[in-house]
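One structure is given below, encoded as C-alpha cells.
Put into C-alpha cells, the structure is as follows:
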C-alpha cells in the first residue's frame, strides 16, 4: 500500500510538471500548431512500417520509412534508420526540422554545431608535440606553394597574410563540443544545426532517427529537407514530401535525381574567395566528383579531434571545461551553448516506472533534458517482460512514433469510432504511429518487448483507461455503473481491479505461475530488473 | 465625467492586461496558428446558422450546427447544442480539441477527469453506514461467485486477491472533483480530458458547446473527433470534418456509419485481463449491444457520488478540500489539478461593462479563469435592452462564434472590401461567426437581445470604431477631417459623439423616451440592471 | 586579434540572446507554425521580383509585389511599396496580419492606434488661443443648426446634450501618440491596429512594407486583407491571396472589383445613430462617392495635430509625456501602450557588425525593439562596399525577404539538393526571398549594395558557413579533411582562411588595392564608415 502510493507520488509529478509547464508557459504547445496534413487515412487503417528505401554509401547505409497509409505525415514526422560501419563518418548536414535519434546499437562520436556558439575545444601551439611540429613544417611547405600561386595572381597584402599565419600558429585547431554516444542514448539535434557522426567503436553504429517536420521550428512546408555541407552526388534520400499519396509516389521517383552538397551550388570562384582558398580546394569542397555517398570511411590515421582524456566525459567535466571557455567570453551564451544534447534512457536504474512482473518505462522530456524545450519532442523507452500487458491508454497532447528495438508485441490501436485501425505484431525494426487521442493497448510477445517512442511534444502526457490515476478511476462508481449498464459492485471491480498498477501490467497470474514453475526459462536480456 | 473615467479605467485594464500578457508571455497567441482552412466563402456571405442534424438518445439529444458557408471551418470551430433530460447522464467521452460549454438552461453535475490528477473525493470504510454495510454484504456474495469462476480458470494467487480485497475494503469509492453547474455557467474542458454530465435538476439541461478544432492542443487534422469511453452504437454525430463543401456533404452521409466506444475496439480478452475483470464484464463495457445512445437514463436509486453537503460548493470550500487532499500528496499538482473549470457569467453584478439604458457585457478570459490559458478560448456574455445598439467594432485577435440565448438582434458584418457579408436577424438558438478583423454592429430587437460569444483566444480583444478608447477617438480630428472630407467640426462630432460610452450604446433618445412613456412595458427578464 | 575577439563577443550575444529567448520562453517560435503553403516551386527557381501592379491615388501610389514563383507565399509574406506625395495622407486602415515598414526615402508622421490604449495627447480648452476661440464660435454656430435639425426629429434629452457640450468644451482634441519617421526608420504595425501616415516633408515619402500573413496573429487564411476605415472606392489592391498559381491570376482579375471602407458596409441609419451624427455626416464617412483613392491630399491649412514642440521627439520625452498621462490612469497599460513602434537602422554608428573594407549590418530584433515580440518579425539593414562579399550562410529560424535599397549585388541561393535556385542581380527596388535553411552568398556590384531584409522571426538567426563562429569552424579539422577529401592542412585553411571575419567579407586584396590606387573613386553615399 505504501509502495503503491510512493509509486504514484513519483509518477504524478512526472505527468503534472508538464501539464503545469504547458499551462504556465505554454512552451510545449507550440509545435502542435503546424500539424496540417489530412489524417483521414489513419481513421481507417494503420500498418507496422518497415523501411522501404535503402541508400548505400561507402561506409554505411540509410533506410527510410516511407508510408502509403499516411500515418507518418498525419503525425508530421519522418523516420530513418542509419547504419554507420566501423570507422565510418556520417558527413555534416542540417535540416529544416529538428530531430531526435536513439542509438540502437554501437557507439560513436557526435558533433552538433550550434551556430553562434564558441569553439570551446581549443588546442594552441603551446601544447607542442612532435606531431604538431611535423604538421607545422608541412604547412610551411604548402604555404610556400600557395603563396607563390597567389603572388602570381596579383597584389598580395602582406599584413593580412602575416596575421593569418600568426593566428594559425597560435591555434592549431579548435571546434565546438563533441559528444560521445552509445547504445541507449538519445541525441537531440535542433533545426538548422549541422551535425556529423563518427563510429569509433568496433561494431556498426545503428541509430533510429525521427524528424518532426510539423515542428514550429520549420517554416518551410511539410517536406523534410536535408542540407549537406559536404560529400558528393547522392540520391536525394533525405527528401520526403508528405502530402497526397500520389505525389508521394512521384517523390519516390524523384528520389533518383541528383543531389549535391550546398557548397556545390555556389560559383567556384565566389566560394574560393569567400573562403580565401584556391579554386582547386573550393572544387574539392563542392565534391561534384565524390562518389563515396553520405557516409564515408575515415582515412588511415583515424579521426583526430580534441577531447578530454577519459573516454566518456562526465557531464561535470564537460560543464567545467565549457564554463572556463565561456568565462573568457561573455557569459550570455552559456544557457544554450552548454545545453546537453544527449541523455541515456536505457539504464534500468533510471526507470521512471517499474512494475515488478511487468517491465519499466523511462521518460525523457524537457524536465530532464532542457534542450527538448527547443526541439519540442520527447522520448519514452519501454521494456516489457514476456506476456506483460501495455495498459490501455491514449496520448493526450502528442503523436507517438513507436519503434521496436527488440522482441515483439501485439498492439491494438483504436480510433474515435471504436474502429480497431491497427491490430498486429510490432517486431524489432518496425515502426508504428499511435496518433494523438487514439487508444492503444497490447501484450508483449514470448521474447518480451522493448521499444522507443518518439513523441511530438516535449511534455507528452498519456491518460490510462484503467489502473492508478486513470480515466475510469477518476469517475464515481455509479457513473460507470450507469454508463456501462453494470452493477455498482462490478463498476467498483472495473475501477479497482488493477489496484495501483500503472502503464505496464503484470500478465495473468496463471502465466506468471507457469513461468515460475519453469526455472530454466531465460529472461529477455534487456529485462534486468532495476536493483 | 468622473464615473465615465472610472468606467474607462475599469475597462482599459480588461483589454490591456491581455495585450500585456500576449506581449510578455505570448500565451494567448498560440492557438491562432492552426487556422488553416480557406476563408474564401466568408468574404462573400455568412448566414445565421440553425442546427442541421439531431441525434436522439435514451435521455436527451444532440443538435449539430453544420455549415455550408464555411464560417465555422474558417473560424476553426465546431458547435453543438446538447439537451439532457431530467435524470439523464451524458456518457463520458473526450475529444482531440478543447471546448467551452455554456449552460443555457437547467442545472447538473459535471465530472471532468484530468489525467494524472489524484482522486480527491474519497470515501473510506471508516465512514460506515447502513448502506455501506449492505453493499459490503452484497459484494461478499458476488465475490464468492467471482472467486469460484476464476478458480475454475486456473491458479489463483491468494496474496494478490487478499491485497485487492483489503484495498477495496478500506476505500469504498473515490473519484476526482465534480462540479455543479447551473444556467449561466461556462465550463472548460481541455483536449483529451474525459468528462460526463448528469442532470440532477427538475428540468432539461441545455448547453451550447463550441470546440476549438484549430487549437494548438489538437495535433490531428481539422476534424472534431469524439472518443467515447462508454455506451453503445451511435451515429457518428461528433465527427465533423471541415474542408471542402463536397466532402462536408459526404461526411453527413458517413454520419450514418456505426460508431462504438473505444473499449469496443480492443480484443475482449485483452481488455478483461487489462482490467482484471471477467470477459463478461469486459463485454458489457464494450457495449456493442447497448442501444441507449450517448445520453442514458440513470437507473432507479439515482446517481450516488461523493460530494460536500451544500448543494453549491463554494470555491473556498472546494479549494480547502482539494488542498487538504493535495497536502497529503506532493504539492506539485495543485496548480493544474485544482484549476477551476467553471465560472458564472450571468450574474448582472459581475458585469464588466454596463450602460444604463443599453445593457451589459461580462468577459470571461484567462485572467478570470486561468484554465482558459490552457484552453485558449474565452467567452463574452452580453445582454442588451430593446433597441440598444451594439457599437461598431472588430475582433483584433480572435474569431467569435455568437449564439443568441434569448431575444433577437439585427446584426451587420462587414468584410475587408466594405461588403456587408451578413445582414440579418440573429434569433434565439441561432449562431453566427464574426471572423477576426471583420467589422460588426447591430441593434437589439423589441424583446432585447442576450447572447454568448465563444472566442478563439484566451485574451480576445476588440477594437471599437467609435466611443471611448476607439479607433477614431485615437486619431487627430484633422486626420479624420481630411480622410472623410468633412469639416474639422464634424470630425470632432464623429470623435466625441458617443462621449464615454463603450461597446453597448443606449438607443436614440426618442426610443428611450417612448419606452419611459409606456410604464406597463415589461423589461426582458434577463435585463435586471445590476444594483 | 583583440578587436577581432571583441567583435566576436559583440556578435555572439546578438545571436545568442535570441536563441536563449527561444529556448526559455519560446516567444519567437510561434509565428513559424502557420507557414503552410507549398514551397515546392522554390526548390526549382526563385526570381528577383519587381512590383507587378500599381494603384494610383490622389496623392501617391502603391506598388504590389505579386509572385508567380511562389517565393512570397512560401515565406508567408506579402510586400508592397508605398509612395506618398508631399502633403499626402495615407488613410487609416488595419490588417489581419502584422507588418513592418522601412522608410526608404523622405519623412513623415505615423499614427498607430492601439485599441484600448488611452489618448495620451490631449489639448484642453485651458490652452486657449485665438484659433481655438474661432473654432469655438464656429462650433456654436453649427451646433445651433444641428440642434434645430435634431429637435425637429423628436424628443431631445437636454441633459445628455449638455454633458456632451461641456465635455467638448473642456477637451478640444485628443488622440493617441504619433510618431515621426524619416529615412532609415523601421515602423512596426501590429495586426488589427489601424494606422495612418502623413508626409509632412518636402519630398515623396517612400516605404517598403512587408506583411507576415502566416503570423500566428492572423487567424484567418493566408490572405492579406486590408480593412480601410476611411476613403472611397478603390481597386482591392491590398487583397492578395496566396495559394495556387492559377487562383493568383484570377485574384488579379478580382483585383478590379470595387472595394470600399468598412463603414460603408453598415446601414447609414445604424452608423449615424451609433456615432450620434446626422445621416449626412454618416454618408460622408461611408465615402461611396469619394474618388480620391487611398492616399489623399491634405487640404489647405495642413494637418493640425498635437505634438511636442521639437521636431523629432526624443524617446525620453515621449516616455515622460506618456508616463504622465498614464500616471493619471491605472498604470497597467504602460507596457503595451508605451511600446516604441519605431527604430532607426540606418545610422552607421548603430551598426552591430562592421568589417572595415566590407560593410556593416544593423540588426533590429525584439531585444532592441520589444514590440517585435508581438509582431514576430525582425529586420536586418546591410550596407556593402563595392565588390565586398556576402559570406555564405543560411537562415536558421526564419525566411528573409530581401529588398535592395541602393546599388546591386549578384546573389546565389542554393536549395537542399545543391541546386542554385537563384543566381542573379538584385537591383535597387527589387526583392527576393531567401527561404529558411537555404544557403545564400553574393558579391556587391560596382556601386556597392544596400539592403533591408525582413525576417519572419523576432529573433532571426543565421549560420555562417565559414569565418568566425561558423559551421565549418565548429568542426574538427580532421572531420573536414575526411568529409571533403582534402589534406589536414587544407582543411585548416578552409577553417581559418577568413580568420575572425563575419557575415561581410572584404573583397579580394587585389580589388581593394585597385581601389586604393584610384583615390578619385567616390564611395557609395550610404557607405560612410562608422567613426
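Chains as they are written, first to last, in UniProt numbering: chain A, 1 to 531; chain B, 1 to 531; chain C, 1 to 531.
Glycine residues also receive a C-beta, built at the ideal position from the N, C-alpha and C atoms.
Where the beta strand (DSSP E) containing residue i begins and where it ends
{"i": "residue 209(C)", "result": "205-212"}
{"i": "residue 454(A)", "result": "439-455"}
{"i": "residue 349(C)", "result": "Careful: residue 349(C) lies outside any beta strand (DSSP E) and carries neither H nor E."}
Between the CA atoms of residue j and residue i - distance to the nearest angstrom
{"i": "residue 445(C)", "j": "residue 404(C)", "result": "12 Å"}
{"i": "residue 433(A)", "j": "residue 61(C)", "result": "54 Å"}
{"i": "residue 297(C)", "j": "residue 87(C)", "result": "6 Å"}
{"i": "residue 501(A)", "j": "residue 427(A)", "result": "26 Å"}
{"i": "residue 423(C)", "j": "residue 412(C)", "result": "4 Å"}
{"i": "residue 484(B)", "j": "residue 119(C)", "result": "21 Å"}
{"i": "residue 410(A)", "j": "residue 338(B)", "result": "38 Å"}
{"i": "residue 397(C)", "j": "residue 437(C)", "result": "8 Å"}
{"i": "residue 121(A)", "j": "residue 173(A)", "result": "8 Å"}
{"i": "residue 242(C)", "j": "residue 77(C)", "result": "Its pLDDT being 43, under 50, residue 242(C) is placed unreliably by the model, and nothing is read from it."}
{"i": "residue 30(B)", "j": "residue 345(B)", "result": "Unreliable positioning characterises residue 30(B) in this predicted model, as indicated by a pLDDT of 32, which lies under 50. A coordinate reading is not provided."}
{"i": "residue 110(B)", "j": "residue 301(B)", "result": "19 Å"}
Residues near residue i by beta carbon distance below 6 Å, same chain, minus five either side
{"i": "residue 98(A)", "result": "190, 191, 212, 215, 217 and 375"}
{"i": "residue 421(A)", "result": "45, 46, 413 and 415"}
{"i": "residue 101(B)", "result": "187, 207 and 209"}
Residues near residue i in its chain [Cβ-Cβ closer than 7 Å; skip 5 each side]
{"i": "residue 106(C)", "result": "183, 199, 201, 203, 204, 205 and 206"}
{"i": "residue 75(C)", "result": "399, 401, 433, 435 and 456"}
{"i": "residue 194(A)", "result": "92, 93, 94, 113 and 229"}
{"i": "residue 258(B)", "result": "233"}
Cβ separation of residue i and residue j, assumed to be a contact under 8 Å, to the nearest whole Å
{"i": "residue 261(A)", "j": "residue 418(C)", "result": "6 Å"}
{"i": "residue 431(C)", "j": "residue 80(C)", "result": "Contact flag wrong, Cβ pair sits at about 10 Å."}
{"i": "residue 505(A)", "j": "residue 274(B)", "result": "6 Å"}
{"i": "residue 295(B)", "j": "residue 57(B)", "result": "4 Å"}
{"i": "residue 365(A)", "j": "residue 458(A)", "result": "6 Å"}
{"i": "residue 281(A)", "j": "residue 493(C)", "result": "7 Å"}
{"i": "residue 197(B)", "j": "residue 108(B)", "result": "6 Å"}
{"i": "residue 443(C)", "j": "residue 390(C)", "result": "7 Å"}
Residues that residue i contacts on chain D, provided the C-beta gap is smaller than 7 Å
{"i": "residue 284(B)", "result": "Looking for chain D here will not work: the only protein chains present are A, B and C."}
The alpha helix (DSSP H) enclosing residue i, as first and last residue numbers
{"i": "residue 92(B)", "result": "Counting along the chain, residue 92(B) falls outside any alpha helix (DSSP H), though it belongs to the beta strand (DSSP E) covering 88-95."}
{"i": "residue 268(A)", "result": "268-275"}
{"i": "residue 338(C)", "result": "Where residue 338(C) is concerned, there is no enclosing alpha helix (DSSP H), given that its DSSP letter is neither H nor E."}
{"i": "residue 285(B)", "result": "279-286"}
{"i": "residue 480(C)", "result": "477-484"}
Residues near residue i by beta carbon distance below 8 Å, same chain, minus five either side
{"i": "residue 117(A)", "result": "176, 333, 336 and 337"}
Exercise for the section: Pull out every residue of the segment 289-300 of chain A whose Cβ sits closer than 7 Å to any Cβ of chain C, in chain order. Expected result: 290, 296, 298 and 299
Practice task
Anything in the segment 197-228 of chain C with a Cβ closer than 9 Å to a Cβ of chain A? List those residues in chain order, please.
Solution key: If the cut-off is 9 Å between Cβ atoms, the segment 197-228 of chain C has 214 and 216 near chain A.
Practice task
For the segment 358-379 of chain A, enumerate the residues whose C-beta is nearer than 9 Å to any C-beta of chain C, in chain order.
Solution key: Residues are counted here when their Cβ sits less than 9 Å from a Cβ of chain C; for the segment 358-379 of chain A these are 370, 371, 373, 374 and 376, given in chain order.
Practice task
Compile a chain-ordered list of the residues in the segment 93-113 of chain B whose CB is closer than 8 Å to at least one CB of chain A.
Solution key: 94, 95, 96, 111 and 113
Problem - Members of the segment 396-422 of chain A near chain B, C-beta cut-off 9 Å - result: 396, 397, 398, 399, 410, 412, 413, 414, 415, 416, 417, 418, 419, 420 and 421
Exercise for the section: Give, in chain order, every residue of the segment 448-470 of chain C whose Cβ lies closer than 9 Å to some Cβ of chain A. Expected result: 456, 457, 461, 462, 463, 464, 465, 466, 467, 469 and 470
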